[in-house]
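Numbering of the sequence shown is given in our numbering, commencing with residue 69 and proceeding in unit increments. Report on the structure given below.
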Amino acid sequence: MGKSGSHHEVVVIGAGVGGIYQIKRLVDLGIDATVLDAAPDLGGTWYWNRYPGARFDSESFTYGYSFSKELLAEWHWKERFSGQPENLRYLNHVADKFDLRRHMQFNCTVEAAHFDETANLWRLRIADGREITCRFVVMALGLLSTPTLPRYEGMDDFKGRSFHTFYWPHEPLDLTGKKVAVIGTGATGIQVIGEIGDKVGSLTVFQRRPNWSAPLNNGPISVEEMAAIRARYDEIFATCARTPGGFEHEPDRRGFYDVSREERLALWDKLYDEPGFGIWLANFREIFMDEKANAEMSEYIADRIRRRVKDPATAEKLIPRDHGFGVQRVPMETRYFEVYNQPNVRLVDISETPIVRVTETGLRTTEGDHEFDVIVYATGFDAITGAFDHMDIRGIGGQTLRDKWRDGPSTFLGMMINGFPNLVMPAGPQSGSASTNYPRGIETGVDWCTELLKHVRERGYVRADATPEAEKRWTEHVTKMYATMLMRKAKSWFTGYNSNVAGHEQGSIRYFVYNGGAPKYVNTIRHVAASGYEGIDFSAGARPPTAAVAGASMAAS
Ligand code: NAP
């Protein structure tokens, strides 16, 4: 299967936030490793998503890496929630500062990864025909890296420009005076709509289901404020490590029903005007689990929407009815609701008048034809497992991961998969990293995987594989935690729903994330490591030679 290429001890797939930190750890340990990424350059999410309005919803200073004091001391985050161009500059700065770029290969799509049981190697097939072998493979694929498009008839007929937000053009795109359609009102749609509403000729938003969203309240960070943040970094990261979501926002520990309605309103009024996820994560914990508490909170946010949108009928359309506030990740907005007060902006409710097809000039709904110059698909991702499904990954006995995960993922700690030895996922499905402030989880996950690789190398093992029992226990544990969460009732990517992906349309739940909070997750994985990796089978044997083995054929695997 393919021309023989190089051999490395470790191959990291993905040069995003996770892959960059992973290669840093490996290089520091003197381990021969390379990063492969399909993109023309590093940055992952922040390389691709260049749509107007793309920015962090984590406070910038809690999103940056914490591993280097020098890096923390020199980087100035200019906005509380930094935008995509700056975020990409930051990741490039990190790669250049630590000279990591020379360990990365771009335009390098990994089509297949097969475990060669005889040689105890992973054989990777690259789209350019090369074969790269490695002892360990680190899947740093990203949670939201496989964009999905609707399956409308006529999508290729449109004569204007159309693209998914993930593929927003890299060259400047002047939307002045243009007739623009945005399909989708998730976190991405909400960001792009809020940003372009007053810059385009006309904007028509096609909304199937509205999302609850609340103000981001972004602002600049002055030199003085940044100095104060730098002085506080230890405390900031300690707080992030202590909170369930890996943020500085800590849940309100008072019982929802132990305080008066006035006290609840006072908290919500305060949080609504504060920056970031406070309104979601510094709220009462009951809103995630108790229908009545959730309904009261949802009604509070609904009233805020009614106060901000002038046309009552439009306001009602923007209020979700099928799920309560906070049971899915809350999109943070900037001027989103006010956009609908502009005369050039129109909301089309496609739950009432569905899109029938794309035409040469625009979109046809059951209500009639709409003409556009540009159609923007803000239609989301084949989340969490999509990037794995797109690769032909085969483990012991030729078992494919796609088959194993057909009805949903099963993992050990969200970082290993039984039957797929020497493959680790620093932020895989069912890991705690997937449900927290991403880089905080990433650093923990990468550190854990790196320590495991060290353990295997130092003891001369040739294989590390999660046991079936450990995987079953973990998957049941992850599954059980959904039972108390209202989240299980919401159709969102967090529960595996995507109307554009075969098998994911019905919203039959997939147990994608660990919901026990970051501190509990970190304790668990550290305990596993401290116990000598209970739940992982190690096998000894002759270490495979390096370059010579690379020459063996993937065809045999
Ligand atoms: P999303 O939340 O899955 O939203 C996709 C939107 O497209 C939904 O409104 C969906 O409607 C609509 N849609 C999908 N297929 C459609 C179809 N065939 N016809 C009509 N409408 C369709 O995706 P996203 O907005 O890209 O956000 C995904 C995640 O990315 C977020 O939850 C967040 O974690 C992350 N994100 C983060 C930031 C940030 O601030 N850092 C920004 C953007 C995204 P339905 O709801 O009816 O399916």
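Ideal placement from N, C-alpha and C gives every residue a C-beta, glycine not left out. For clarity, every value in this text was computed on a predicted model and none was experimentally measured.
>> According to DSSP, is TYR579 part of a helix, a strand, or is it coil?
In response: Looking up residue 579 in the sequence shown gives position 511. Coil, per DSSP.
> At which residues does the alpha helix (DSSP H) containing GLN90 begin and terminate?
Replying inline: Walking along the sequence shown from the start, residue 90 turns up at place 22. Where GLN90 is concerned, the enclosing alpha helix (DSSP H) stretches over 85 to 96.
> Using the C-alpha atoms, what's the distance from ARG474 back to ALA538?
Replying inline: Numbered from its first residue, the sequence shown carries residue 538 at position 470. Numbered from its first residue, the sequence shown carries residue 474 at position 406. The alpha-carbon atoms of ALA538 and ARG474 are separated by roughly 20 angstroms.
>> Is the separation between the beta-carbon of ALA101 and that of ILE88 shorter than 9 angstroms?
In response: Taking the first residue of the sequence shown as 1, we reach residue 101 at position 33. Taking the first residue of the sequence shown as 1, we reach residue 88 at position 20. No, the Cβ-Cβ distance between ALA101 and ILE88 is not below 9 angstroms.
> Should TYR115 go down as buried or exposed, given a rule of 16 or more other Cβ atoms within 10 Å for buried?
Replying inline: Mapped onto the sequence shown, residue 115 falls at position 47. It is buried - the Cβ of TYR115 has at least 16 other Cβ atoms within 10 Å.
>> At a cut-off of 8 angstroms, would you count GLY346 as near the ligand NAP, judging by its Cβ distance to the nearest heavy atom?
In response: As a working note, residue 346 is residue 278 in the sequence shown. No, the Cβ of GLY346 stays beyond 8 angstroms of every heavy atom of the ligand NAP.
> From this set, SER366, ALA106, TYR589, PRO494, which residue's C-alpha is nearest THR214's C-alpha?
Replying inline: For the purposes of this step, residue 214 is identified with residue 146 of the sequence shown, where counting begins at 1. Out of SER366, ALA106, TYR589, PRO494, ALA106 has the C-alpha closest to the C-alpha of THR214.
>> Quick check on ALA107: does DSSP put it in helix, strand or coil?
In response: As a working mapping, residue 107 is identified with position 39 in the sequence shown. Residue state, collapsed to three classes: coil.
> What is the DSSP secondary structure of GLU573, counted as helix, strand or coil?
Replying inline: What you label residue 573 is simply residue 505 of the sequence shown in a count that begins at 1. In the structure shown, GLU573 sits in coil (DSSP, three-state: anything other than H, G, I, E or B).
> By DSSP, does GLU77 sit in helix, in strand, or in coil?
Replying inline: The count along the sequence shown starts at 1 and reaches residue 77 at position 9. In this structure, GLU77 counts as strand in the three-state DSSP scheme.
> Using the rule of at least 16 other Cβ atoms within 10 Å of the residue's Cβ for burial, across every protein chain shown, is LEU431 buried or exposed?
Replying inline: To locate residue 431, count along the sequence shown from 1; it is residue 363. The residue is buried, with at least 16 neighbouring Cβ atoms inside 10 Å.
> Can you give the beta carbon distance from GLU179 to ALA163, rounded, assuming they're within the 8 angstroms contact cut?
Replying inline: Taking the first residue of the sequence shown as position 1, residue 179 is located at position 111. Taking the first residue of the sequence shown as position 1, residue 163 is located at position 95. About 25 angstroms separates the two Cβ atoms, so there is no contact after all.
> If THR130 and PHE315 are in contact, beta carbons under 8 angstroms, what's the gap, nearest whole angstrom?
Replying inline: Here residue 130 is taken as the residue at index 62 of the sequence shown, counted from 1. Here residue 315 is taken as the residue at index 247 of the sequence shown, counted from 1. Contact between THR130 and PHE315 holds, with the beta-carbon distance rounding to 6 angstroms and staying under 8 angstroms.
> Rounded to the nearest angstrom, how far is the Cβ of ILE387 from that of ALA282, given a contact under 8 angstroms?
Replying inline: In the sequence shown, counting from the first residue as 1, residue 387 sits at position 319. In the sequence shown, counting from the first residue as 1, residue 282 sits at position 214. Contact check for ILE387 and ALA282: beta-carbon distance about 13 angstroms, past the 8 angstroms limit, so the pair fails to qualify.
> Where does the unbroken beta strand (DSSP E) through THR272 begin, and where does it stop?
Replying inline: One-based indexing of the sequence shown puts residue 272 at position 204. Looking at the DSSP string, the run of the beta strand (DSSP E) that includes THR272 is 270 to 275.
> Nearest-angstrom Cα distance between MET622 and GLY73?
Replying inline: The count along the sequence shown starts at 1 and reaches residue 622 at position 554. The count along the sequence shown starts at 1 and reaches residue 73 at position 5. Bear in mind that a pLDDT of 45 at MET622, under 50, signals an unreliable position, so the number given afterwards is only what the model happens to contain. MET622 and GLY73: Cα-Cα distance of roughly 11 angstroms.
> Would you call the CB atoms of PRO312 and GLY585 closer than 9 angstroms?
Replying inline: Along the sequence shown, read from residue 1 onward, the residue named residue 312 stands at position 244. Along the sequence shown, read from residue 1 onward, the residue named residue 585 stands at position 517. Cβ distance < 9 angstroms, so PRO312 and GLY585 count as in contact.
>> Pop quiz: ALA532 and PRO489 are said to be a contact at Cβ under 8 angstroms. What is the actual Cβ separation, rounded to whole angstroms?
In response: One-based indexing of the sequence shown puts residue 532 at position 464. One-based indexing of the sequence shown puts residue 489 at position 421. Going by Cβ atoms, the distance from ALA532 to PRO489 rounds to 6 angstroms, so yes, they are a contact pair.
>> I need the straight-line Cα distance from ASP605 to ALA534, nearest angstrom please.
In response: The residue given as residue 605 occupies position 537 in the sequence shown. The residue given as residue 534 occupies position 466 in the sequence shown. In a straight line, the C-alpha of ASP605 is about 6 angstroms away from that of ALA534.
> If you draw a straight line from the alpha carbon of ALA451 to that of ALA383, how long is it in whole angstroms?
Replying inline: Here residue 451 refers to the residue found at position 383 when the sequence shown is read from its first residue. Here residue 383 refers to the residue found at position 315 when the sequence shown is read from its first residue. Taking the straight line from one Cα to the other gives about 29 angstroms.
> So what's PRO411 in DSSP terms, helix, strand or just coil?
Replying inline: Indexing the sequence shown from 1 puts residue 411 at position 343. Correct three-state label for PRO411: coil.
>> Taking the beta carbon of ALA249 as the centre, do at least 16 other beta carbons fall within 10 Å, making it buried, or is it exposed?
In response: Against the sequence shown, residue 249 aligns to sequence position 181. Per the 10 Å Cβ criterion, buried.
>> Using CA atoms only, rank isn't needed, just tell me which of PHE174, GLN173, ASN175, LEU139 is closest to LEU159.
In response: For this step, residue 159 is matched to residue 91 along the sequence shown. Looking at PHE174, GLN173, ASN175, LEU139, the one whose alpha-carbon comes closest to that of LEU159 is LEU139.
> What three-state label does DSSP hand GLU127 in the structure shown?
Replying inline: Within the sequence shown, numbered from 1, the residue matching residue 127 stands at position 59. In the structure shown, GLU127 sits in coil (DSSP, three-state: anything other than H, G, I, E or B).
> For the beta strand (DSSP E) that contains THR433, what are its first and last residues?
Replying inline: As a working mapping, residue 433 is identified with position 365 in the sequence shown. That run of the beta strand (DSSP E) goes 430 to 433.
>> I'd like to know whether the C-beta atoms of THR479 and THR543 end up nearer to each other than 9 angstroms.
In response: What you label residue 479 is simply residue 411 of the sequence shown in a count that begins at 1. What you label residue 543 is simply residue 475 of the sequence shown in a count that begins at 1. Yes, the pair counts as a contact, with Cβ atoms nearer than the cut-off.
> What span of residues does the beta strand (DSSP E) with ARG54 cover, start to end?
Replying inline: Residue 54 lies beyond the residue range present for the chain, which begins at 69 and ends at 625; the question has no answer from this structure.
>> Tell me the rounded alpha-carbon separation between HIS182 and MET484.
In response: The residue given as residue 182 occupies position 114 in the sequence shown. The residue given as residue 484 occupies position 416 in the sequence shown. Their Cα atoms are separated by approximately 16 angstroms.
>> Please identify the residue among PHE305, THR427, GLY465, TYR579 whose C-alpha is closest to the C-alpha of GLU221.
In response: Taking the first residue of the sequence shown as 1, we reach residue 221 at position 153. Nearest option by C-alpha distance: THR427.
>> For THR667 and PHE405, I'd like the C-alpha separation in whole angstroms.
In response: This structure cannot settle anything about residue 667, because the visible part of the chain is limited to 69 through 625.
> Does DSSP classify ARG403 as helix, strand or coil?
Replying inline: What you label residue 403 is simply residue 335 of the sequence shown in a count that begins at 1. Three-state result, ARG403: coil.
> Anyone know if the C-beta pair for PRO120 and TRP236 falls short of 9 angstroms?
Replying inline: Working through the sequence shown from its first residue, we reach residue 120 at position 52. Working through the sequence shown from its first residue, we reach residue 236 at position 168. Their beta carbons are under 9 angstroms apart, which means PRO120 touches TRP236 by this criterion.
> Okay, do the stretch 74 to 81 and the stretch 196 to 211 touch, 3+ Cβ pairs below 8 angstroms being the bar?
Replying inline: yes
> What's the gap between the Cα of ILE289 and the Cα of ASP460?
Replying inline: Translated into the one-based positions of the sequence shown, residue 289 becomes position 221. Translated into the one-based positions of the sequence shown, residue 460 becomes position 392. The C-alpha of ILE289 lies about 45 angstroms from the C-alpha of ASP460.
> Going by the beta-carbon positions, is the gap between MET555 and ASN583 smaller than 9 angstroms?
Replying inline: Residue 555 sits at position 487 when you count from the first residue of the sequence shown. Residue 583 sits at position 515 when you count from the first residue of the sequence shown. Yes, Cβ-Cβ distance for MET555 and ASN583 is below 9 angstroms.
> Do the CB positions of ILE251 and PRO218 come within less than 9 angstroms of each other?
Replying inline: By 1-based counting over the sequence shown, the position of residue 251 is 183. By 1-based counting over the sequence shown, the position of residue 218 is 150. The answer is yes: Cβ separation under 9 angstroms.
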